[in-house]
DNA sequence: TCGCTATGGTCAACTGCGTTGGCATAAGAT
DNA sequence: ATCTTATGCCAACGCAGTTGACCATAGCGA
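Residue numbers (the working numbering), protein chains in the order written: chain A, 1 to 237; chain B, 238 to 474.
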């Protein structure tokens with residue numbers, strides 16, 4: 001068994017599969033993303049991936065140590081998509097806002113994949129680049145190391161937390177989604193005001209309110225907080 | 238197979254299992270919580286649950302339509318634990334803070350279970366009670382219906398989002414946890430300052446910073462925001 | 001007290017999952 | 001042309017959720 005997995009760059013012999021396709025790490029990841037989109041966050045299986053790539057499932061173990069490592073590669077690809085083409089403008093507020101929205105957006109636009117990876121640390125190239133970018137913006141804005149660390153933590157966790165939550169509800173398997181919608185219709189929308197007066201009162205409003213993400217608002221609040229902290233530093237010394 | 242599942246209150250004939258235990262919905266849920274704690278968030282299986290309860294896995298289908306419905310019941314139990322013994326003090330800021338910390342705390346104290354349920358709508362009794370409580374606090378604080386709906390959305394999503402993220406990292410399967418820690422040690426802590434200067438600079442700080450949750454701070458920010466909105470309402474009319 | 005019936009527990013089986021060890025073969029070096 | 005070995009394939013293992021058929025018995029009406 002392949003205890004050793006050859007990294008993509010080091011591969012020399014690219015032998016085509018039974019069906020003629022030539023495998024690549026990126027081809028595998030992209031196909032995995034497609035399967036996730038098509039079949040939901042539990043729909044990525046080694047067998048299905050093998051079928052889609054027209055290769056044996058076990059072949060995948062030549063490229064990744066297991067499904068977990070494939071998951072990490074998928075996560076890093078998402079971060080890569082978020083950063084593609086970005087460069088700092090020099091305005092910290094604008095840059096942080098853009099980074100946050102881009103990362104959140106990349107995850108949310110692949111909700112089924114995001115569910116699998118938001119809470120993981122990949123340590124791969126794109127993740128490192130993103131962290132470096134955020135920290136760089138904070139330091140150039142004038143935050144001392146200690147404050148930069150704290151703010152970095154809040155910023156990245158809030159971004160990932162909302163990404164995870166938003167992605168999770170977008171990515172529910174169809175059955176669960178229908179179940180949740182059904183609960184909304186059959187339970188929340190019909191609650192008698194005798195027992196649940198306040199829910200009954202806002203139910204119609206929530207129907208439109210709850211579909212949008214609360215992230216943009218929360219992000220602005222956070223940026224306000226950072227601005228206040230920077231003001232404090234400037235006036236005090 | 239049992240298309241019809243008899244709700245717990247309606248059960249009449251409580252026949253003991255092969256091993257003598259008498260099944261209950263709550264006994265099943267509590268055993269499930271124990272299994273989740275002991276075996277991680279993927280460690281709850283029908284077979285294992287049957288083993289722990291000394292009954293056949295298929296028996297569980299007499300109580301829940303499937304593992305998904307059991308999951309929802311587990312989620313509602315968590316919310317129930319969060320609210321147990323709580324009653325409003327009348328001070329909206331204190332009450333909202335307490336509700337947020339209790340809900341976040343209940344999920345985080347059962348991280349493996351939280352991972353499965355944070356993004357689900359159960360529509361069961363405890364969830365409804367929690368929603369009603371939050372909305373009630375907001376309305377009594379003086380927020381008009383429309384604002385209450387928006388703030389409710391931000392509040393509950395932020396609480397759940399951080400709960401989901403914090404729980405997810407606490408609940409990683411041991412293998413993944415070790416993998417992530419290893420990445421931290423082998424990659425982040427050793428990044429050369431030539432390529433990633435800002436990460437290298439804060440790496441020692443982050444080691445202590447990243448273990449704590451960013452939720453309490455984020456919650457206070459949100460409460461500040463609500464306070465400001467209430468001030469605006471008071472002075473303007 | 002007796003029997004009927006529906007509840008609720010059990011058994012065996014199906015499909016699909018990740019993963020592994022052994023094997024075959026073609027790509028690339030010589 | 002030949003050799004090595006990287007890389008793909010095959011068969012199999014154990015475990016998952018779920019289902020249908022079967023059976024024991026609790027609790028009811030007589």
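Virtual Cβ for every residue (Gly too), placed ideally from N, Cα, C.
Cβ-Cβ distance between residue i and residue j below 8 Å
i, j, result
"residue 308 of chain B", "residue 289 of chain B", "no"
"residue 323 of chain B", "residue 335 of chain B", "yes"
"residue 312 of chain B", "residue 297 of chain B", "no"
"residue 123 of chain A", "residue 420 of chain B", "yes"
"residue 168 of chain A", "residue 115 of chain A", "yes"
"residue 459 of chain B", "residue 392 of chain B", "yes"
"residue 385 of chain B", "residue 376 of chain B", "yes"
"residue 413 of chain B", "residue 164 of chain A", "no"
"residue 27 of chain A", "residue 113 of chain A", "no"
"residue 261 of chain B", "residue 291 of chain B", "no"
"residue 345 of chain B", "residue 407 of chain B", "yes"
"residue 341 of chain B", "residue 452 of chain B", "yes"
"residue 329 of chain B", "residue 374 of chain B", "yes"
"residue 132 of chain A", "residue 79 of chain A", "no"
"residue 283 of chain B", "residue 318 of chain B", "no"
"residue 219 of chain A", "residue 43 of chain A", "no"
"residue 210 of chain A", "residue 390 of chain B", "yes"
Collapsed DSSP secondary structure at residue i in the structure displayed
i, result
"residue 296 of chain B", "helix"
"residue 288 of chain B", "helix"
"residue 233 of chain A", "helix"
"residue 312 of chain B", "helix"
"residue 329 of chain B", "helix"
"residue 352 of chain B", "helix"
"residue 258 of chain B", "coil"
"residue 225 of chain A", "helix"
"residue 341 of chain B", "helix"
"residue 307 of chain B", "helix"
"residue 359 of chain B", "coil"
"residue 7 of chain A", "coil"
"residue 453 of chain B", "helix"
"residue 271 of chain B", "helix"
"residue 39 of chain A", "helix"
Per-residue burial, residue i [other beta carbons within 10 Å of its own, 16 or more giving buried]
i, result
"residue 186 of chain A", "exposed"
"residue 348 of chain B", "buried"
"residue 443 of chain B", "buried"
"residue 22 of chain A", "exposed"
"residue 379 of chain B", "exposed"
"residue 234 of chain A", "exposed"
"residue 196 of chain A", "buried"
"residue 15 of chain A", "exposed"
"residue 40 of chain A", "buried"
"residue 213 of chain A", "buried"
"residue 427 of chain B", "exposed"
"residue 339 of chain B", "buried"
Closer than 8 Å to chain A by CB, residue i
i, result
"residue 427 of chain B", "no"
"residue 360 of chain B", "yes"
"residue 439 of chain B", "yes"
"residue 373 of chain B", "yes"
"residue 391 of chain B", "yes"
"residue 335 of chain B", "no"
"residue 451 of chain B", "yes"
"residue 338 of chain B", "no"
is_contact[residue i, chain B] using C-beta, thresh 8 Å
i, result
"residue 162 of chain A", "yes"
"residue 227 of chain A", "no"
"residue 205 of chain A", "yes"
"residue 91 of chain A", "no"
"residue 231 of chain A", "no"
"residue 112 of chain A", "no"
"residue 5 of chain A", "no"
"residue 139 of chain A", "yes"
"residue 25 of chain A", "no"
"residue 169 of chain A", "yes"
"residue 15 of chain A", "no"
"residue 158 of chain A", "yes"
Let me know the alpha helix (DSSP H) ranges lying completely inside the region 126-214 of chain A, each 4 residues or longer, listed in chain order.
145-170, 174-186, 197-209
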